[in-house]
Every structure is written in C-alpha cells, then in structure tokens.
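Everything below concerns the one structure shown next.
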Amino acid sequence: MAPSTTAARATRLTLASLLLPLALSAQVPRPAAVFGFEPGADYKLADYSQMLAYYRRLDAASERVVVEEIGKTTLGKPMLLVLISSEDNIRNRARYKEISRRLAHAKGLNDEEARALAREGKAVVWIDGGLHASEVAHAQHTPEFAHWLATDEGEEARRVRDRVMLLLMPVMNPDGLDLVVEWYRKQLGTPFETAPLPVLYHHFIGHDNNRDWYMFTQAETRAVARQLYHEWFPQIVYNHHQSSPFPGRIWTPPFENPVNPNLDPLITTSLNQIGETIKKRFDEEGKPGAVSGIVFDLWWNGSMRGGPDFHNMLGFLTETALYRYATPHCYAAKEIPETFGERAGNLSATQPSTNYPNPWRGGCWRLRDAVEYMLTASRAVADIGADLKEDYLFNIYRMGRRQIGRGERAEGGPFAYVVDLGAQHDPGAAVELLRVFRLGGIEIRRAERAFRAGGREYAAGTYVIPPQAFRPFAVDLIEPKTYPDRRQYPGGPPEPPYDMTGYELSLQMGVEIDRVKEPFELPAAVVDSVRAPESSVTGRGNYGHLISHASNGAALATNRLIASGARVGWAMAPFDDAGTRWPEGTIVVRGGGTRVEAVARELGLHVRRIERAPPVEVRELRAPRIGLYKSWVASMDEGWIRWLLERNGFNPTNITDADVRKGDLARFDAILLPSQGGESIKRGHRAGEMPAEYVGGLGDPGSTALRRYVANGGWLIAIDEAIDFPIAELRLPVRNRVGTLQSKDFFIPGSLIRVQVDSTDPLAFGMRGKAITMFAGSQVMEVTATAGLAAGAPDVFARFAREGYLASGWAHGAAEHLAGHPAAIRVPMGRGQVVLLAFRPHFRGQPHNTFKMLFNPLHAATIRLDAKGGTPAGE
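Quick note on this note's numbering: the sequence shown kicks off at 95 and runs consecutively.
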C-alpha cells in the first residue's frame, strides 16, 4: 500500500504543480477586461487612467509582477515601471539587481568571478512604450505584452521568465498619452479625425522628449535615467517607436552608418545580431515589411536608445509603421514607391534585398497590425535575452573592463578629466555639467586636499572624472568629433544624419576641462552629488552689492531680487572698485540687504558689498513682461524657451495668433517668436486641415500689430527660422543668406559653430568674446541697404567666426556662406527694437554658454537702448 500511496501523492503533486499556474493565470485580467476593448481595436485608444488601473490589477493578481512608481511626470502623474519574471526571481530581485550593477561597473572583479556572476544572474531587459505620444501603438501594445509574459505557460514565456528580469516601462510619456487620446476622441467621426495635435504632447518639449537623454532636463528623463544608470543597469534597452521608412512595416537594426568611434565594437556587432534575430522572426511568422540598415545611424548620443550604447548597454529602437492614431488606412499597390528614397541609398522597396528581404506590397493597415508587429518584436527581444543571457551579462563586464583599461592607457582620450571650478567663466555651468554626468552614472571624485596632475597644482574642491566602465559617455560629451562627409551619391548632396553630428556638452556649456594623460593618484572621495559652486561675500559698506554678470545664475538672481523689491540695474560701462576692475553689465543691487547674500549662497555667486555708487551710469531694470508666441502649429522651440525661462525666474505669457491679431500688445516689454518658418507663422494651419479655432496664423493683421508694437517701443525677438518673418513683414535691412540654399551648397544639420561676440553690447553682457553655438539647420544673416526703410542701422553683436568656425561635427559650404557673417543683430525701429538671433541660444536646454543671448534682451527691453546701450537720442 505504501508505494502506491506515495505514487498517488506524487501524481497529485505533479498535477497540482501543472494546474496551479493555469489557475493563477485565469485570475489575471486581460487588458480588454479593463479597457472594454482589445488593445489595437479600430478607433479605440486606452488613456492613462485605464493603463494605471490595468497594471495595478495585474500587480495584485500575479506574483510574477511587481509595479513600482519611479517618479512623477511634469504634470504630476505617477510613472510606473513593471517588473516581470518568475516568482523565484521576483523574490530574489535584489540579488539580481546587485549582480547587474557589479558587472556593469566592472570593478573589483576578475574574468572568472564575472563569469560566475553571469551564470548566476538574470539578463536585465528593458522594453518601453509611449515615449512619443502621437505614435500610439507602443503604449497600447505594452499591456498585452505584459499579460502574455505574466500568464503564458508556453515554453518561450517560461524560459523568458526564468532567465530574464523584464523591466517594462509601459508609458514613458503619460501626460502626452492623455492629451493625444483626449484629442482623438474629440475629433473622432469628424473631418479632423486624423488631424495633428495643436499643442505639444509633452508639456515643455513635445517630440524632443527623445532628444534629452544626455542633458536630462525633464522629470520623465531623469526618472528613467536613475533606473538605467543607478538602479538596474540593463544589458538590453529596447525603445519602441512608430515611424518606419515607408513602405516598410517595421525598421529594425542593423543600423545605418556611421558608427560613433567612442562605442565599443561589441555594441555594433551585438545590435546587428539582435536586429537580424528580430527580422528572422517576422519572416517565420509571415509578417512582411521588415527593413534595416537605412536612415537610423549609430553616431548620436542623445536619444533614449542612443545614450545606453555609451554605457555598454545594447540600446536600440524599432520603428513600426504608423498611419494616424487608431484610424485604419488602406494602401493601393500603386502607392508603393519603387525605392525608399535617396536618403536610404535608393534601396528598392519592391525587390527583396539583404536590408529588405520580404517587401510589403500594400493593403490595409490597422492599429492592431502595428500592435501585432510590436508584440512580435518584443517577444523576439525578450527571447534572445533569455537565450544569450550569460553572453550579455559577461559582455557588459567585458566592455566595462575594456573601457577602464583604455582610460588607464589614455587611449581615445586622457587618463582623467579634471574640472577646476576656480578656472571657469561660469562655475555654475561646470557644476551643471558634472551633475549631468552624475545622473548619467559617471563616477566623479572630489579632491579633499590639493593635488598635482599633468604638471600643475589643483586646489581642494577640484573634481576628477577617472577611468571607468561608462567612460564612452563622458568622452563622447567632452571630446570634439569630425563627422564623415557622407553623400547620397558620389558628388551629390549630403546624406542627412539621424540627428546631431557635433554636440559635446563641454563645448556647449562653455566648461573648461583639463585632459590629463599621465596617470596620477586619484582623489579618494567618490561623490553622490555635486555641490553648488562656493559663493563668497566680500567688501564693506551698506550702499549695495555688486554681482558679476558672468554666471547664468545672475539672471535668476536678478529676477528673484526684483521680485523681492530690491532695485537692480546694469552698469553701462567698466569701472574700478577697491582695486578690482568690473566690466560693463555688472549687476548693481540696492535695497536687497541680506536677501542678496542669501541668493548668492544658494546659486553659488560671488557678491561684493560697496560703500558708494559705481562711478558710471547704472540703468535700473524691471521684471520683464514677456509675450511668448504660441502657434497652433505646435513648436518644440516654444516649449524649450518656456521651460528655460520659467526655470530662470522669468514669467512668460503665451500669446496665440488671435491675441497678436487683436493688437493689445503694449502690455509686453518683449515678444518672442520661437524658431518657426516665416510662412508658417503667417499662414498657420490652412482651412480644412484643422478645426476652425486652430486655423490661420498671424496674417496681415498680426504683421501690422507687431509693426505698431515695435514702433511704439516694444522689443520683438525672433529666433532661428523665425527671423524670416520680421525681415519680410517689418522690411528690415537684413537678409537671410542661406534660407533658400539647397543642401548641396550649404548643409549644417546639427554642429557646434564658433561665434565672435561683442561682450560690450548689452545684449551680450556677461559673455566671453568667443562662444559656441549649436547650428541645427540654422540661419546666417547679412546687413543690406537701409535707405527708404523705417528701421535704423543694424547693430551686429555676434558673428560666426571667420577662421576655425567648426568646433565639432560637419559643416558643408560654411566657408562660403557662413564664415564671418552676422549671427545676432539688433535693429532699432521707431521707439523699439527688433532682435534677430540666427540660431537657438537655448537649444534643447544645452548651450549654457549662449543662454545670456536670450536672457539679456528680455531684461534690456525694460530699460530701452540705442545702438550701443546708451539712452536713446531725445529721451
């Protein structure tokens, strides 16, 4: 009896072990049970409240799922990260997180120990959706993918759960998801069902939320960066998008050339392997249209998928075909082009090739089709993570050790970077750069006492970036690059890069960094955070205070002190005080008392108490009343300006086309036109494209209102593409030299260009004579004849450098069309001024060294200036 009883018990246990997962799976809700429709259904989109409800129910129902809140969005919504793995792995997740961290940092390990950890550990795979909110399919696919991995009892799902810690970021941009869903639901069934959103789908930066991954300006970017570079250190980072080169149905790696030389070669070969594995799965499932090797390159560092590559993580994207929202669309065979276009090397879109082995021939495309393609790709990535988990874990260690060794041998960069705050024009910018590096996982050390390196002495408080695993991230953002001269065909026009070609933060932020090639004894103290610059208060007297204009923090200090009731002004000429030479633009504060010194301590500013008024004219500022033009052709540049101004104590008011056309503009000291084409500003959306309230631009009434506004004393500030509008509509004696040139003649898609600045001009107060600007398809000006025009003689206060203009990147045709020509001009007109900036001094929140070219005109608009900063004649 005993043996048979034992056998029966074993049989019952086996059956129980098989049935238990099925019972548990039955308790886990499907997305449709929460949404009321299947993800990807025609004309249906789930909003974020539905997503939150689903993931929280999933968490409550399954021991294979843990949902964590990792931060808040810009508008205060919770950001969720969903961890999915086996029950045992979930219980031991702290151990697997620690293994991932140790292998990524690659310190204190030998190869044998690393291999043992790779065998023990689990591959950490990140998959996300919903970054670009108008690309709706990826946020709709993530709940279905989560349900599959948490509940499916097939061999593949079980293997993934056993060998992978899956980090699912279901919605990277919750604010944007809700904006898009609300707009689509409102327009559904109307002629505007597929019309574009008339506002940014990220509160500040719209589509540029995928351009913020080395500057980390936004709440969402920072929350995710902490997970990637401080918490989980995933080996694979998969970033879903939805804009495949037509007619392809999904773009996958391998990437297009060029490859950034700072990347470890294992990044490229491993991404090639992953991409080909994804493509193979599409062919196994009979899903045509997978294309690779075109458009998207491996050069730039700033995207969600690009930044991880410089941390030895396998970061990549796919781009699944998109029509618009959840509205289906059918394509006739005659709509399929012969090739993918010149930018893609004229790859055939109809004949099989190694890049496009199974062409899509046309037909109907629904949101559900996009969801299915994304599910295939996500499963393929999770599966390869499981199959090659030991390779990925060991290889992130291997790459890290290799990068540490390269640093120790000063290959492809120095042994260490040294940042001496005392040597900076703007110490605050240096601190911001170090904070960016720290958030990006870069190890930074701070000297507790003086030390020698590279043949010189450094004071205590100096920061050092030592050799380390994530070295490519720092090197890439410090060392200038030369982008290869790529053409669409021999002798033809340039082949556009994916994004920027030169973008180093050290150059954009104006930070002096010493490169020390010879090894030296490194400071021992590793910092978690970087302190604000040391402030100081010197001098005696109770007349007031002097603050240097050199720091960007001086603008925030000015705005705070004015708001507190202090009298704040600019010295209009250089002067001496107690043996120190103070330049024009020095900030003079009266009535601030201890508030001045408190602000200085918080912002790391140097302040001097003075006994008497400076012996030069001081022009008193007011809080500028700023009108920031907001077109219904939603402008990311408007959002970036708004973000930067609010962060620095300005208080802009958005004004729409209708506001400008009304002509009630005297309430503003300055009106800003963000970068947007002149015709787009004037015409806006055309009738029939959008609901009536979003149709039209400034039109002739807006032009007339702005002309009157400037003539009566207002300041109009136009940026980059927007300069064409006032040049034409206000008949300014200025010409855009490059506005109509073709790329074969002039092409600077995103490079760092040197600028000569007249720092004695009030609009450049506080700047050095040499600056660096991001030129991203920007403009070049020249002054023309002024006879017969209402405007006065233009004042050029910045020019692109005549020699050595390219600091980093690629500049085709610049010698002929850019070198030595005006970059910033102020044109007096009536009692007002028009300021033309040919580039974006605030570009994506990065170029700290040119922020003052935005801040200064706004403050200057409150004091009125002639061509060189004095009191206007007759006033």
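Glycine included, C-beta positions come from ideal geometry on N, C-alpha and C.
Residues near residue i by beta carbon distance below 7 Å, same chain, minus five either side
i             : result
leucine 291   : Ser228, Leu273, Val274, Trp277, Ala728
glycine 633   : Ala672, Arg702, Arg703, Ile704
glutamate 181 : Glu157, Arg158
proline 97    : Note that proline 97 scores a pLDDT of 42, beneath 50, so its modelled location is shaky and nothing firm can be said.
alanine 101   : Residue placement at alanine 101 cannot be trusted, given a pLDDT of 42 that sits under 50; what the coordinates show is reported in the next sentence. None.
alanine 955   : Pro718, Asp763, Ala764, Trp809
leucine 528   : Val513, Ile538, Tyr557, Val624
Cβ shell of residue i (< 6 Å), same chain only, five flanking positions each side left out
i              : result
alanine 895    : Arg848, Gln850
tryptophan 454 : Pro341, Arg343, Pro382, Gly383
glycine 964    : Low local confidence applies: a pLDDT of 40 at glycine 964 is under 50, so the model's placement there is unreliable, and no value is given.
asparagine 748 : Leu722, Lys724
lysine 776     : Gly791, Leu792
tyrosine 489   : The sequence as given places asparagine at residue 489; tyrosine does not occur at that position. Excluding sequence neighbours, asparagine 489 sits near Leu360.
tyrosine 637   : Ile704, Glu705, Arg706
Short Cβ contact (8 Å threshold) for residue i with residue j
i              : j                 : result
glycine 549    : aspartate 608     : no
alanine 541    : proline 617       : yes
alanine 427    : valine 389        : no
proline 843    : alanine 870       : yes
valine 465     : glycine 134       : yes
tryptophan 904 : serine 845        : yes
serine 337     : glutamate 413     : yes
isoleucine 344 : alanine 313       : no
methionine 861 : leucine 930       : no
asparagine 304 : serine 397        : yes
leucine 599    : valine 230        : no
threonine 167  : phenylalanine 298 : no
methionine 407 : proline 328       : yes
proline 125    : alanine 155       : no
glutamate 502  : proline 561       : yes
leucine 835    : histidine 779     : no
glycine 506    : arginine 500      : yes
tyrosine 583   : aspartate 391     : no
Residue range of the alpha helix (DSSP H) that includes residue i
i              : result
tyrosine 637   : It is not in any alpha helix (DSSP H) - tyrosine 637 carries neither H nor E in the DSSP assignment.
glycine 369    : 359-378
glutamine 144  : 142-155
glycine 270    : 268-281
serine 769     : That residue, serine 769, is in no alpha helix (DSSP H); it is neither H nor E in DSSP.
lysine 483     : 483-502
leucine 601    : 599-602
threonine 346  : Taken as a continuous stretch (DSSP letters only), threonine 346 belongs to no alpha helix (DSSP H), being part of the beta strand (DSSP E) at 344-346.
alanine 79     : With the chain represented from 95 up to 969, any question about residue 79 goes unanswered, as that position is not in the structure.
asparagine 333 : Careful: asparagine 333 lies outside any alpha helix (DSSP H), inside the beta strand (DSSP E) at 330-335.
N-terminal and C-terminal residue of the beta strand (DSSP E) that residue i is part of
i              : result
aspartate 608  : 608-610
alanine 547    : 545-547
tryptophan 664 : 661-665
valine 513     : 510-513
alanine 805    : Unbroken run through alanine 805 is the alpha helix (DSSP H), 793-805; no beta strand (DSSP E).
proline 521    : First-last for proline 521: 521-533, but that is the alpha helix (DSSP H), not the beta strand (DSSP E).
proline 827    : Element bounds for proline 827: n/a, residue is neither H nor E.
glycine 165    : 159-166
Beta-bridge partners of residue i, as assigned by DSSP
i                 : result
threonine 747     : Gly721
arginine 539      : Val558, Val620
threonine 867     : Ile847
phenylalanine 841 : His906
glutamate 132     : Answer is none; glutamate 132 lacks a bridge partner.
methionine 784    : Ala781
valine 732        : Checking the displayed sequence, the identity of residue 732 turns out to be glutamate instead of valine. DSSP, once it has assigned bridges, lists no residue as partnering glutamate 732.
Chain-order list of residues whose beta-carbon lies under 8 Å from that of residue i (same chain, five-residue window excluded)
i             : result
proline 746   : Ile720, Gly721, Leu722, Ile735, Arg736, Leu739, Glu740, Leu766
valine 258    : Ser179, Lys216, Ala217, Val218, Val219, Ala476, Gly479, Ala480, Lys483
arginine 532  : Ile538, Val621, Asp622, Ser623, Val624
aspartate 302 : His296, Met730, Gly733, Trp734, Arg938
Residue i at chain C interface by Cβ criterion, 8 Å
i            : result
arginine 893 : The structure shown contains no chain C; it holds only a single protein chain.
Distance cut-off 7 Å: residue i Cβ against heavy atoms of the ligand ZN
i             : result
glutamine 518 : Absence of the ligand ZN from the depicted structure is noted, as is the absence of any ligand whatsoever, leaving it without description.
> Which runs of the alpha helix (DSSP H) spanning at least 4 residues fall entirely within the region 669-700, listed in chain order?
Replying inline: 688-697
> Which runs of the beta strand (DSSP E) fall wholly inside the region 878-951 and span at least 3 residues, in chain order?
Replying inline: 889-894, 900-902, 916-923, 926-931
> Counting only runs that start and end within the region 174-248, where is the beta strand (DSSP E) found for 3 or more residues in a row?
Replying inline: 217-222
>> What ranges does the beta strand (DSSP E) occupy inside the region 402-460, keeping only unbroken runs of at least 3 residues that lie completely in it?
In response: 408-414, 423-425, 457-459
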